[in-house]
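Below is one structure, written out as structure tokens, with a few remarks after it.
Chains as they are written, first to last, in the numbering used here: chain L, 5 to 436; chain V, 5 to 436.
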């Protein structure tokens, strides 16, 4: 009988308590080869659902990470810098295993941490950093491994997806749903990281790195949030046969890797269109594998703790190998490519309600050789203005942006036109 | 630099050639740590898309499997007995790695093969046996690993799913679509294994074993095929807001493990309802992970070869551990439980078109205390008969079967009533 691996948890928030519960379950698998021995949190006396008094207590997470009697350190503190980074460096620096749910840390410093692990023989695992309970990291790393990955596209932020779903199903405004989500604890008091698209960008940088065999390149992600999506957009998209989702997309082009996060209109047969509420999902496209979709719970105690547990078992079974699927030396600093900005687009305009305005809009589009595919006017007024939306045939986003500028300059709109791409669905039959 | 592992492929059909193509790709990952050295097939001279003349040729697959200069044997012959089983036993018996796409072999003899592997140190991997390119085996084994799996439900046979999708979208009969599928090579000349539900049953036995920590128990799967699903069923289900799919379901009950394969009506928000054509999908439900869905290409050269490749990389990276997730000694012979046969049901009857018949049907249902939820009559005649369909409120299937028998005995129907369960969808919001 080999000795069990000794585990320490740094950070006893929701997920930390969830992991401890899995250790406390006598039927669970964690105790077969692992034993929880130590914990750390800022406040020892805070009431928690688990009694932690039988474990070694560390006031300092860094001290826990440095302790040679802990074989596996679980970092659940969060943040790309400071204590979380110190903990990761301390654990990996002495050759221990580090399991983390910290997407900001991995997106910003993943390559540095792998370098430390490769030097010391430490192991770095971060399934819980992306997609909550959905095993996106392992799937890309282990199952798409023998293939040539062409793209990843996902719904990676449960808060945004919850807000968009509630706006659609409840007919409520963005601000209304956001404040409810904050009240219920689904959204942070400062919601910028979520609704601004940054949380999804962190996750995309990690997934693209694994899928495309590159180093995480967070700074290269082009980020747009959902804060400009209006109830008008949701309703008009629905009338036109689409649903709006915040899509994180990584793509290999002839030039390199392109990454972007932003709202998009999905057709009703798109593989991500029915991913509702707080669910997360990923679609990977690879040769010769084809299209692979994963859907599951993207956040919360249970799903995230389950992902931490799967990493623990990988460590216990000796399955933890290269964090990004390959040794660091083989991870390219992938050339940066611009997102593909050619396709069909949706445009919303708030125009003056008088004769000639639609003609003025059409003229500016025609001048850029952009064909209108559909056109809808809302039967509501906002003062002297009325919202209209249109979808284009395939065009360059740059040309559409020029047309939008010309429309604004013509003085017929109350605000800059809003533009969102329409995501084409894939053929899903035998040949797909 | 360590020596590369030497790989031999036994069976050069579609998948075997697909794997060889991955080795032939200079950008691919397979050649980093592996090298294809030997192949075997029944007919050396058959034209193939790859030139195999530079590899060692074996007329006998068993001889290839026994050759000590081959470290990894890929078995792509098929069948639960005979040559395929001999190949598996020979390779594992000498401590080599065996990778197989053979669901019949694993469902019938998986435990025996694991026993050999545990004795010799050989490795057994079979991602390609289930779900084509969808990594169902690895997901259940590695990602649901720390959780308590409660159920798995999947669309595991692409041929059945293709036929049902074509019947719905093209308004064509079962026989018509089947003969086209046979002509196109999607269905075998003898379609019993697919349309009778047996192929799905093999796959379910394997997935349930991994999910529930048990040995495969093929004989315990209750199997019903799609050969009795009519175009009337498809159309009436659609009118009622459902879509018919062949569902393979494994469930942990208080008594043990229940497994069944059969057609069912899915509501339009069910996670599997949009899995169309030849796609395969799996929904796993586990505590505290929640519901996890995987969708992808279920068959064909590329997806299946990609799954074989992911197993090859597991072997090369030293990640291949227990085939069913645990040592054989820890795999329980799970107690057999009966499927849960209580819920809402769909019933189709071909009744005489005369007054009093509907009353006779309703009476027999009322006698078993079964409430009718909806009732539809088709505006078509089949001779003196007319099809009617109804859905019940929650009832026991046994009671419904007694009512069906009583209706038959009353002499008002042309054939035994057809019964299919209605699968309830899950709540998918924050609490799901």
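We put the beta carbon where it would ideally sit given N, CA and C, even for glycine.
Where residue i falls, given that 16 or more other Cβ within 10 Å makes a residue buried
i	result
residue 323/L	buried
residue 386/V	exposed
residue 243/V	exposed
residue 424/V	buried
residue 155/V	buried
residue 272/L	exposed
residue 435/V	Note that residue 435/V scores a pLDDT of 32, beneath 50, so its modelled location is shaky; the value from the coordinates is reported in the next line. So residue 435/V counts as exposed.
residue 461/V	No answer is possible for residue 461/V: it lies beyond the span of chain V, which begins at 5 and ends at 436.
residue 62/V	buried
residue 21/V	buried
residue 391/L	buried
residue 379/L	exposed
residue 384/V	exposed
residue 315/L	buried
residue 267/L	buried
residue 126/V	buried
residue 339/L	exposed
residue 371/V	exposed
residue 131/L	buried
C-beta atoms of residue i and residue j nearer than 8 Å
i	j	result
residue 355/L	residue 287/L	no
residue 103/L	residue 15/L	no
residue 152/V	residue 291/V	yes
residue 96/V	residue 318/V	no
residue 335/L	residue 158/L	no
residue 23/L	residue 393/L	no
residue 11/V	residue 76/V	yes
residue 420/V	residue 408/V	yes
residue 164/V	residue 141/V	no
residue 285/L	residue 279/L	yes
residue 298/L	residue 298/V	yes
residue 310/V	residue 137/V	yes
residue 248/L	residue 225/L	no
residue 204/L	residue 252/L	yes
residue 208/L	residue 265/L	yes
Backbone secondary structure at residue i - three-state DSSP
i	result
residue 386/L	strand
residue 307/L	helix
residue 8/V	coil
residue 278/L	coil
residue 323/L	coil
residue 124/L	helix
residue 64/V	coil
residue 35/L	helix
residue 239/V	helix
residue 130/V	coil
residue 171/V	helix
residue 249/V	strand
residue 298/L	strand
residue 23/L	helix
residue 362/V	helix
residue 441/L	Here chain L covers residues 5 to 436 and nothing more, so residue 441/L does not appear.
Proximal chain L residues relative to residue i, where beta-carbon distance stays under 8 Å
i	result
residue 146/V	139, 142, 146, 314, 317, 318, 323
residue 31/V	152
residue 22/V	292
residue 335/V	Chain L residues near residue 335/V: none, gap ~13 Å exceeds 8 Å.
CB-CB length for residue i against residue j, believed under 8 Å
i	j	result
residue 403/V	residue 376/V	Not confirmed; about 13 Å, so no contact.
residue 415/V	residue 306/L	55 Å between Cβ atoms; not a contact.
residue 213/V	residue 328/V	6 Å
Where residue i meets chain V, residues with beta-carbon distance less than 7 Å
i	result
residue 278/L	278
residue 213/L	Correct list: empty, because the minimum Cβ distance to chain V is about 15 Å.
Neighbour list for residue i in chain V, Cβ cutoff strictly below 9 Å
i	result
residue 391/L	Going along chain V, no residue has its Cβ under 9 Å from residue 391/L, so there is no contact; the nearest lies around 29 Å.
residue 275/L	278, 299
residue 394/L	Those do not exist, as residue 394/L stays about 28 Å from chain V at its closest Cβ, beyond 9 Å.
Proximal chain V residues relative to residue i, where beta-carbon distance stays under 8 Å
i	result
residue 295/L	300, 301
residue 339/L	The premise fails here: residue 339/L is roughly 16 Å from chain V at the closest Cβ pair, so nothing lies under 8 Å.
residue 306/L	291, 292, 293, 294
Neighbour list for residue i in chain L, Cβ cutoff strictly below 9 Å
i	result
residue 271/V	Within chain L, no residue comes near residue 271/V; the closest Cβ sits about 12 Å away, beyond 9 Å.
Partners in chain L for residue i, counting only beta-carbon separations shorter than 7 Å
i	result
residue 309/V	292
residue 34/V	150
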